[in-house]
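Everything on this sheet refers to the single structure shown next.
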Amino acid sequence: MKHGASQAVISMLGVKQHRHSVDEKSDDLDLLETELDMMRERFSKLLLGEDMSGVGKGVCTAVTISNSITNLYDNFFNTTAFGQNLKLEPLKPEKKAMWRREMNCLLSVCDYILEFSPTAQYLEDGTIVEMMTSKPRSDIYINLPALQKLDTMLIEILDSFQDTKFWYAEQGTISRNSTRSRGGSFRRIVQRKDEKWWLPVPCVHLGGLIDKSRKHLNEKRDCANQIHKAAMAINSSALAEMDIPETYMSNLPKDSTKLL
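Yeah, the sequence shown ends on 1537 if you go by my numbering, and it's all consecutive.
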């Protein structure tokens, strides 16, 4: 009798676990479908130049992509939609996955920005025929992988701050208890100005940072500076290659002081 009862309990537990597993899969599918719908809508806006009315008043695709990436950055780092990221600490896995997914969606349009170039084709009889073949536009082919590498390097810099010898206290809420949460004494590294009250305040122990931590911070700062210089160089190169319409140049003020 006891054996039969135990078998019944095990069977009921199995049914509950299976039902729980099915519910989880259903929730995952619903979430995936929602994300796909959002991606479709965003991709449509990219192709239509942010004009969903269908009257053809959208901006060019390049401007749309640029605006979308700028808005994504603002949402990711500066608003509560993604949560503010004002600290030297690793990104949460869900935030990192969301960033990469959004960027892949925006940059997928670049797969269709092509240019034609003459290519020699050899026929079976040895005849050489020149044909026009499509390939990624040269500036995208060169610069986009470099920018993606720089983006990965920035994320790796944040990931390197796993076990730090400093921590943060929110400005305006610093108290004896909050600043001693790591144990021991502390000192504030910088004095924030009133106009930057929203920034978290970095704190270290009374003895300051150890040499290893100080070296790590300096290395990552130098690395971030090099990434910034590389990104600026790519941006300057892309701008230098752009053709400026003559009508735009002719409409500029003749007085240089009015341009500033």
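Where a beta carbon is used, it is the ideal one built from N, C-alpha and C, also for glycine.
- Under the three-state reduction of DSSP, residue 1393 is assigned to strand.
- The beta carbons of residue 1409 and residue 1394 sit closer together than 9 Å.
- Assignment of residue 1531 by DSSP, reduced to helix, strand and coil, places it in the coil class.
- In the three-state reduction of the DSSP assignment, residue 1438 falls in the coil class.
- Collapsing the DSSP output to three states places residue 1330 in coil.
- For residue 1378, same chain residues with a beta-carbon under 6 Å away, outside a window of 5 residues either side, do not exist.
- For the pair of segments examined, the stretch 1407 to 1424 was found not to touch the stretch 1487 to 1500: the number of CB pairs separated by less than 8 Å stays below three.
- Secondary structure of residue 1370 (DSSP, three-state): helix.
- Sequence-distant partners of residue 1524 (beyond 5 residues in either direction) whose C-beta falls short of 7 Å from its own C-beta are missing from its chain.
- Burial state of residue 1347 is exposed, judged by a 10 Å Cβ sphere holding fewer than 16 other Cβ atoms.
- In the structure shown, residue 1422 falls within a helical segment according to DSSP collapsed to helix, strand and coil.
- Taken atom to atom, the span from the alpha-carbon of residue 1487 to that of residue 1476 is near 24 Å.
- Here residue 1391 is exposed, its C-beta having fewer than 16 other C-beta atoms within 10 Å.
- Scanning its chain for C-beta atoms nearer than 6 Å, with the 5 sequence neighbours on each side dropped, one finds no residue around residue 1371.
- From the listed residues 1381, 1363, 1367, 1351, the smallest Cα separation to residue 1319 is found for 1381.
- Here DSSP, grouped into helix, strand and coil, assigns residue 1336 to coil.
- At a Cβ-Cβ threshold of 9 Å, residue 1422 and residue 1445 do not count as neighbours.
- Residue 1427 is a Cβ neighbour of residue 1507, given a cutoff of 9 Å.
- Boundaries cannot be given for residue 1364, as no beta strand (DSSP E) includes it and DSSP labels it neither H nor E.
- For residue 1527 and residue 1520, the gap between their C-alpha atoms comes out near 14 Å.
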